[in-house]
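**Student:** Start counting the sequence shown at -6; every next residue gets the next number (our numbering).
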Amino acid sequence: MKMKQAIPACVMMLCAMAWGQNPPPSMVAGIPVNYDEAKVGTYTFPDPLMLNNGKSVKDAKTWWKKRRPEIVSIFEKQQYGIAPGRPKEESFEVVERGTPALKGKAIRKRVDIHLSTEKNTPVIHLVEYLPAAAKKPVPMLLSISFGAPSNSVDDPGLPVGEVWDIKTHAKIPANKARTFGKLNVEPVLEAGIGVATFYYGDVDPDFAEGFANGIRSHYLKPGETKRGPEDWGSIAAWAWGMSRVQDYFETDKSVDAKRVAIHGVSRLGKTVMWAGAHDQRFAAVIASCSGEGGAALSHRDYGETIAHLTAPTRFPYQFAENYGKWAGFPDKAPMDANMLIALIAPRPLLLQTGNTDYWSDPKGEFLAEVAAGPVYKLLGKSDLGTETWPAAKQPILHDLSYYMHDGGHGMVPSDWDVYVEFLKVHLHPER
Ligand code: GCU
C-alpha cells in the first residue's frame, strides 16, 4: 500500500523524483531490480513482422489484414484485457457551451460524457480549451490526467471537481486532494491546437478495491462478481474512456477529429500507448515515461519488470489477469513493447523519457522504438533513423520520435517545447 501511495505523488512533479534518486530501490515488492547494463545479458523479443504461423510479413496488405489483428488480440488477451466497444446509450451533455478563459486566449467548453443510461454509471467530465482566435475546426491534444481538471489546469474559472481518495476510497473535492502538476496549455493554444483533459478516475478508480465503483463492474455478466482472466484492467478502461472522448470530438464542430493527439504520463503513458494502439482514430501519441507495461522492452531485464508490476501489492488490477502469467518469464511472453509501438504505425509517436528514470528504463523504450522501425518503414513512414541511444536533451523527431530530458520520472517544463514542436509537425495546425 505504501508503494501505491508514494508513486503517484511523483508523477508529473517538476523536480527530481523518488525513482530518479541515487541509488534507486534495489528491491521492490520483495523482487530484486536490476540497474546494471552488464547484467542485462542477451535477450530476444518477438518480431512484429512475423505472423503467428512463422511466415514473414512482406507487404502492407498482409500487415493490415493479418498481422496487425493478431498482435491486437495478443495484447488484449495477454496484457491489457478485452474492453467492450462503444456503448449504445452513450450521450454527450454540453454543460458549458463556450466561455472566454485563460486571459482571453481560450474558449472553454465542458462536456459530460454519459456512458450509459443506468444510474450510478461513471461520467467523464471533459474540459476543452479551444484557441480563442480559431476560425476553423482545430486539431486537439487530449491529455488524460491524474487530477480533476480544476487541479490540472491553471484556470480559476473551473468548478472544483471530485477525485477518489486513495485512503478512504471515497470521493473528495479535488481542492482537498494532492495535485500532480499542471498542464502547460498556453503554448499548445498558441500553436493553434486545442487542449482537452479529464480525470482518469472518472472512468475507473486507481486501486484494486475500486472495481465496484468503476466502469468495468457495469459490464459484468449476470451472476459474475469478478472479471475473467482476459477481461479489461484499469489501463484498458482508461484507454476506453479516451475513445469515448474521441466519440464526442467527432460530434464537435469546433474540433477536427481527424487530428487528435493523445498524451499521458507514467501509468497514463501506458494508457495512451494502448489507446493509440487500439483506436486508430487517434492521429498521434505522446507517451511520457510509460516504462514497463508501456513502451519499455519487457524481454530486457532492466528496472521494473512484469513481476514488479503485477505483484499482488502493486498494480495487477491495471492489467488483464493473464499478464501476471508472464511475471518471472518475460522471455516466454508472446508480446513486447516493440509490437505495441508497431500497432501505432504509421501514426506519429513521441516517447518522452528521463535519463535518471532508471525504473522506467529509458533505454529500453528507445530500443523498442528502434525495433518497431521496420513496421513504420513498411508503411512508408520514417523510423528513428539511428540505433544509437541519444544523450539527454537531443530530440529525434521523425514519425517515430524520442526525447529524453535531463532528470527523473514524469514531465519537466522544457518537455512541452518538444511536445509543441512534434504536434506542429504532425497535426498541421496551420491548415
Ligand atoms: C509505479 C509503477 C510504474 C508506473 C508508475 C506511475 O512506479 O511501477 O509502472 O508507471 O507507478 O504510474 O506512477
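The beta carbon of each residue, even a glycine, is placed where N, CA and C say it ideally should be.
Terminal residues of the continuous beta strand (DSSP E) containing residue 345?
**Tutor:** 342 to 347
**Student:** Please confirm if the stretch 59 to 75 is in contact with the stretch 150 to 168, defined as three or more CB-CB distances below 8 Å between the two stretches.
**Tutor:** no
**Student:** Confirm, please, whether the CB-CB distance from residue 398 to residue 375 is below 8 Å.
**Tutor:** no
**Student:** Which of helix, strand or coil does DSSP assign to residue 102?
**Tutor:** strand
**Student:** Tell me the DSSP bridge mates of residue 115?
**Tutor:** For residue 115, which the question treats as bridged, DSSP gives no partner whatsoever.
**Student:** Does DSSP classify residue 231 as helix, strand or coil?
**Tutor:** helix
**Student:** Should residue 104 and residue 212 be called a contact, given that it needs their Cβ atoms to be closer than 8 Å?
**Tutor:** In this structure, the beta-carbon distance from residue 104 to residue 212 does not fall below 8 Å.
**Student:** Using DSSP with H/G/I as helix, E/B as strand and the rest coil, what is residue 143?
**Tutor:** helix
**Student:** Count the other CB atoms, across all protein chains shown, that sit within 10 Å of the CB of residue 425; report buried if there are 16 or more and exposed otherwise.
**Tutor:** Coverage of the chain is limited to positions -6 through 424, which leaves residue 425 absent and any answer about it impossible.
**Student:** Given residue 147, which residues of its chain have a CB within under 7 Å of its CB, disregarding the five upstream and five downstream residues?
**Tutor:** 175
**Student:** Cβ atoms of residue 285 and residue 306: under 8 Å apart, would you say?
**Tutor:** no
**Student:** Buried or exposed: where does residue 50 fall if 16 or more other Cβ atoms within 10 Å of its Cβ makes it buried?
**Tutor:** buried
**Student:** Comparing the C-beta of residue 62 with each C-beta of chain B, is any distance below 8 Å?
**Tutor:** In the structure shown, chain B does not exist; there is a single protein chain.
**Student:** Can residue 297 be considered in contact with ligand 1, in the sense that its beta carbon sits closer than 7 Å to one or more heavy atoms?
**Tutor:** yes
**Student:** Report the three-state DSSP secondary structure of residue 434 (helix, strand or coil).
**Tutor:** With the chain covering -6 to 424 only, the question about residue 434 has no answer from this structure.
**Student:** Mind checking whether residue 195 and residue 107 have CB atoms under 8 Å apart?
**Tutor:** no
**Student:** So residue 264 packs on residue 159, CB below 8 Å; how close in whole Å?
**Tutor:** Residue 264 to residue 159, Cβ: 18 Å. No contact.
**Student:** Taking the continuous alpha helix (DSSP H) assigned at residue 409, which residues delimit it?
**Tutor:** 408 to 420
**Student:** Count the C-beta pairs between the stretch 55 to 68 and the stretch 200 to 211 that are closer than 8 Å, then say yes if the count reaches three, no if not.
**Tutor:** no
**Student:** Residues in the same chain with beta-carbon distance under 6 Å from residue 417, minus the five sequence neighbours each way, listed in chain order, please.
**Tutor:** 184
**Student:** What alpha helix (DSSP H) runs, 4 residues minimum, are completely inside the stretch 177 to 264?
**Tutor:** 178 to 183, 227 to 242
**Student:** According to DSSP, is residue 38 part of a helix, a strand, or is it coil?
**Tutor:** coil
**Student:** As an exercise, report each continuous alpha helix (DSSP H) stretch of at least 4 residues that is fully enclosed by the stretch 39 to 68, in chain order.
**Tutor:** 61 to 68
**Student:** So is residue 366 buried or exposed if we call it buried at 16+ other beta carbons inside 10 Å?
**Tutor:** buried
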